[in-house]
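One structure below.
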Amino acid sequence: MQVLEIQPKDLEESKQSLVEVKVDPGFRKLNKNAVCFHIWKVEQDRIELLPKASYGTFYDDCTYIIYAASVNGTYSNQDTITREMKSSANIGRFIHFWLGSNTTPQKSGNVAYKVMELDTHFDHLTTQFRESQGNESSRFLSYFKNGITILSSEVEQTNPDCRLYRISGRKWSTCVELNSVSWEHFGSAYIMVLQTPKYVFLWIGRSSSSTERRNAWNIATKIQEKFRISDITIVDDGYEQSMNEARKQEWNSQLCLKNRFVHQSSNTGQFPVGPLKLYKCGYFNGKYRIEELKTDEPEQNDLSDSEAAYILDGALNGVWVWVGRKASIQEKVEAMRNARGFVKKKKYPSLTPVAKVVEGHEPIEFTRLFPSWKYLESIPSKMSNVLGKLDSLTLLQRPKMAAETQLIDDGKGEKHIYRITDGQYVELPKQKNIAFFSGDCYILHYFVNVSASQGNQMAEINGVRSVLYVWYGHETTDEKRQKCDLMAHEYYAKLGKNAMMVKLVDGLETPHFLQIFDGKFVVFSGPGMGYDHNSLNSLSPSGFILKVSGDSTYNSKAVQQDTLMMLSPKDCFVIKSHGVWVWCGQGSTGDAREVAKNIGGIFGEYTLVMESKEPEEFWKSVVDKFIERKSNGYAGSISPIDKSIVNIDKSRVGLYIAYVDHGSIITKDILGFEQSDLTPEDVYLLDVGNMIFIWLGALCTSGDSELWCWVMARDFLQNYPVHRDENIAIALIRQEYEPNIFTGFFDTWDPDYWKKHISFDMIRKGLESYVSPVASLQSSVNGESDFDKHHKFPLTVLQQEADALPASVNPTRKEVHLTHDDFVSIFNMRFTEFETLPGWKKQELKKKHKLF
Numbered sequence: 000m001q002v003l004e005i006q007p008k009d010l011e012e013s014k015q016s017l018v019e020v021k022v023d024p025g026f027r028k029l030n031k032n033a034v035c036f037h038i039w040k041v042e043q044d045r046i047e048l049l050p051k052a053s054y055g056t057f058y059d060d061c062t063y064i065i066y067a068a069s070v071n072g073t074y075s076n077q078d079t080i081t082r083e084m085k086s087s088a089n090i091g092r093f094i095h096f097w098l099g100s101n102t103t104p105q106k107s108g109n110v111a112y113k114v115m116e117l118d119t120h121f122d123h124l125t126t127q128f129r130e131s132q133g134n135e136s137s138r139f140l141s142y143f144k145n146g147i148t149i150l151s152s153e154v155e156q157t158n159p160d161c162r163l164y165r166i167s168g169r170k171w172s173t174c175v176e177l178n179s180v181s182w183e184h185f186g187s188a189y190i191m192v193l194q195t196p197k198y199v200f201l202w203i204g205r206s207s208s209s210t211e212r213r214n215a216w217n218i219a220t221k222i223q224e225k226f227r228i229s230d231i232t233i234v235d236d237g238y239e240q241s242m243n244e245a246r247k248q249e250w251n252s253q254l255c256l257k258n259r260f261v262h263q264s265s266n267t268g269q270f271p272v273g274p275l276k277l278y279k280c281g282y283f284n285g286k287y288r289i290e291e292l293k294t295d296e297p298e299q300n301d302l303s304d305s306e307a308a309y310i311l312d313g314a315l316n317g318v319w320v321w322v323g324r325k326a327s328i329q330e331k332v333e334a335m336r337n338a339r340g341f342v343k344k345k346k347y348p349s350l351t352p353v354a355k356v357v358e359g360h361e362p363i364e365f366t367r368l369f370p371s372w373k374y375l376e377s378i379p380s381k382m383s384n385v386l387g388k389l390d391s392l393t394l395l396q397r398p399k400m401a402a403e404t405q406l407i408d409d410g411k412g413e414k415h416i417y418r419i420t421d422g423q424y425v426e427l428p429k430q431k432n433i434a435f436f437s438g439d440c441y442i443l444h445y446f447v448n449v450s451a452s453q454g455n456q457m458a459e460i461n462g463v464r465s466v467l468y469v470w471y472g473h474e475t476t477d478e479k480r481q482k483c484d485l486m487a488h489e490y491y492a493k494l495g496k497n498a499m500m501v502k503l504v505d506g507l508e509t510p511h512f513l514q515i516f517d518g519k520f521v522v523f524s525g526p527g528m529g530y531d532h533n534s535l536n537s538l539s540p541s542g543f544i545l546k547v548s549g550d551s552t553y554n555s556k557a558v559q560q561d562t563l564m565m566l567s568p569k570d571c572f573v574i575k576s577h578g579v580w581v582w583c584g585q586g587s588t589g590d591a592r593e594v595a596k597n598i599g600g601i602f603g604e605y606t607l608v609m610e611s612k613e614p615e616e617f618w619k620s621v622v623d624k625f626i627e628r629k630s631n632g633y634a635g636s637i638s639p640i641d642k643s644i645v646n647i648d649k650s651r652v653g654l655y656i657a658y659v660d661h662g663s664i665i666t667k668d669i670l671g672f673e674q675s676d677l678t679p680e681d682v683y684l685l686d687v688g689n690m691i692f693i694w695l696g697a698l699c700t701s702g703d704s705e706l707w708c709w710v711m712a713r714d715f716l717q718n719y720p721v722h723r724d725e726n727i728a729i730a731l732i733r734q735e736y737e738p739n740i741f742t743g744f745f746d747t748w749d750p751d752y753w754k755k756h757i758s759f760d761m762i763r764k765g766l767e768s769y770v771s772p773v774a775s776l777q778s779s780v781n782g783e784s785d786f787d788k789h790h791k792f793p794l795t796v797l798q799q800e801a802d803a804l805p806a807s808v809n810p811t812r813k814e815v816h817l818t819h820d821d822f823v824s825i826f827n828m829r830f831t832e833f834e835t836l837p838g839w840k841k842q843e844l845k846k847k848h849k850l851f
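Numbering (numbering that gives the first Met the number 0), first residue to last: 0 to 851.
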């Protein structure tokens, strides 16, 4: 195991003793019992409290402190109003110190010391994040729903007439003012704003997303209002020459089109998730030692010493330092500095995120790095037993209850069940009791139970009218699964938008799926070929053992076990051997026994047998085939159903934006999420623990197609910081057709919310019709969408030999890598016209211009 010693040279300089911290008077004014949000700019030894109007605006050579306090389980942001609470016990406190890209080491040291002062004021109970420009945490960005703006101090000092801004960020936009107006700053993934005395030019990079474009428009309008400029002009990447002469002349005066060069977008994805390493920290003989403890998945009980500090090393994804509540004052005060020393010792980049957490006050970003987490003084929540107590109307009217139980309705709606065999649907008879086989795949089309009188109300609250469940047996072949998958998508394509699809794997069924079977879901081993589906008795094997799990209709099932060596006092079994027996252990609950009896009853008359009171007839019937003898422990195989009885921990529910960037899938966490975070142009994943919801926006592009969504969800599970079962349920839902089990995870939900949404295309059409006769640039783009998808390069680059071309260039189709303007200039026609030419003519023109 690795042991590191942090030397003085590894630590950032500090001009004062770190232990003898004197709190700044500006910090002492803060109420320890208040929920609030404040930002200070740090100037040498002074702090300057910023007015709310300046929130979200930073300068690139400055340092700032952000303090956010909120009631545990809630989130504050720039709009939070300060209010005093009765007690500080339930308040979470977060300190962020932000460093601009041009800040000096001295300024960095000053802000770090001021953070220590603020932390001291709050008795060292704050969570701290070190933020660097361009590498901010999700929590930091979540404070500023409208994005952040980073201004150049150098530009502000000269106050030029023309300025250039670069805008990026799929979820949270970041607008950076650049030090110079030059083509070197342009990239196809960015959106640029060129501000001149006459115009605000909004330049749209071809690889930018629709959401980024809409956000950039909002930023451009603010710049327009601030500098009182009358006009905003949209300019498309590669279509600069399409501007009218007046605008083109203004553009050329700052950015000569003859010198045009745009960097091609590259994969800006996220760092791969590697194994987390755990280190224990402390002083030893006057030296600070960091000793490696664990290189595999950390667990909460690994943080066993409350008098010590630990470092959780996620490499480039971030370094966390955890400080025990009984640790020394020196350890608490110097934790962040020591963690920074660790980063330097490991030779990680200076921009590596570093955060400090305190025992008992760990944020969700930290606890998600562990398979499970039990908070101090937490009361475990358990779904109440709703057997027979909740009807569809109640679940409809109370979406939070529906989300907690994961029940869309009472499960009594109409259903059609199909077994997939030989690439065909075989509908099973509409009888009350049906068994599945673990060697098969099934499709269940369920119609949500709603009466005619509830129809309009349901349309307003619960947009889903039917659910298409796809169930894969754990013993099924890959071929069967692929056929089932294909057929399920074909079936789903025929349904309306108000249908949701849920993919399930044997053993990980959702509560609503089990509720549909009224607590009598049975799974037999192997394929179901040769069994008569018209009768469950003729369908089932001649003899079997079913282990029964669950204690209510929404979490109960019975799974066949091939062998059973021992019986456990907590178990219930249904055994068919010379009759039907229902065996219940002494430790089983009354509800569990009722479930077992209900399942036993579907096979005919049964005999109830209690542990220690088994009649001799029972042993004679079953012992020679199945049972060695009973025991206080159970040594048989564990039924998959044990995994499906899951209580949802609302504190770990998370929303993520998901998108594809150059073939890589990117997910970004959204803390303190609300309905307004769901943008119609994007795909989101709602992770509720036992299920992943895929939310598909109505304006998603082809790159975010339905099939890609499933890949995104699987990739999310595969790359989660800790091990996740990749077979958990995944559901696909569409914007404006969300079920109550989804909307219930949001504090408020307005079904009409998106009627007010204005997309960038809508903005653009309105603008272009208003400023007519300016050419409609987008109309020229639409006809050549395929042409515009290719990376673009200057003519001189494309005229090189094949082995000297950029990797993304197709040497046989160099012409598609020209910009629209260059293409028209070279060939004297548009690409759509060029494509209609005969092959020999195309080749002749390409040879003429050395593009062959």
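Glycine included, each C-beta is placed from N, C-alpha and C at the ideal position.
Sequence-distant residues of its chain with Cβ nearer than 8 Å to residue i (five each side left out)
i	result
I691	L684, L685, A712, F715, L716, I727, A728, I729 and A730
V70	V34, M84, N89, I90 and G91
E616	none
I160	One detail in the question is off: residue 160 reads as Asp in this sequence, not Ile. The residues are T195 and P196.
C-beta contact flag for residue i and residue j at 8 Å
i	j	result
Y278	D312	yes
C280	A314	no
F446	R418	no
L695	V682	yes
A492	V469	no
D676	G653	no
D44	G99	no
T56	V41	no
Whole-angstrom distance between residue j and residue i, CA atom to CA atom
i	j	result
A402	G743	5 Å
M191	D439	54 Å
K840	M828	13 Å
Q248	L766	21 Å
S643	N554	Caution is warranted here: a pLDDT of 47 is assigned to S643, below 50, making its placement in the model unreliable, and the coordinate value is therefore given only provisionally. If I take the Cα positions, the gap works out to 7 Å.
L10	Y112	13 Å
N214	C699	16 Å
S305	A326	6 Å
T404	D648	11 Å
K106	F96	11 Å
L163	P793	22 Å
K849	Y752	54 Å
G412	P540	29 Å
Q734	A697	6 Å
Y655	V20	39 Å
E291	D301	12 Å
V322	A806	48 Å
Own chain residues within Cβ distance below 6 Å of residue i, not counting five before or after
i	result
G205	Inspection of the sequence shows that residue 205 is occupied by Arg rather than by Gly. Answer for R205: S187, D236 and D787, listed in chain order.
S620	S576 and H577
V424	Checking the displayed sequence, the identity of residue 424 turns out to be Tyr instead of Val. Contacts found: Y417.
T552	L386, Q514, D517 and G518
N76	Y142
G422	K482
T126	F93, V356 and P362
Assumed close pair residue i, residue j - CB separation to whole angstroms, cut-off 8 Å
i	j	result
T606	D550	The Cβ separation is near 22 Å, so there is no contact.
I218	C255	About 25 Å; that fails the 8 Å criterion.
V522	A657	With a Cβ gap of about 32 Å, V522 and A657 do not count as contacting.
R324	V357	7 Å
T210	R169	6 Å
Nonlocal neighbours in the same chain, by C-beta distance under 7 Å from residue i, ignoring five residues either side
i	result
A595	V547, C571, V573, V581 and C583
F26	E116, L117 and H120
### Task
Please confirm if the region 219-237 is in contact with the region 193-205, defined as three or more CB-CB distances below 8 Å between the two stretches.
yes
### Query
Between the region 117-124 and the region 139-148, do three or more beta carbon pairs fall short of 8 Å?
Output reads no: the region 139-148 does not touch the region 117-124.
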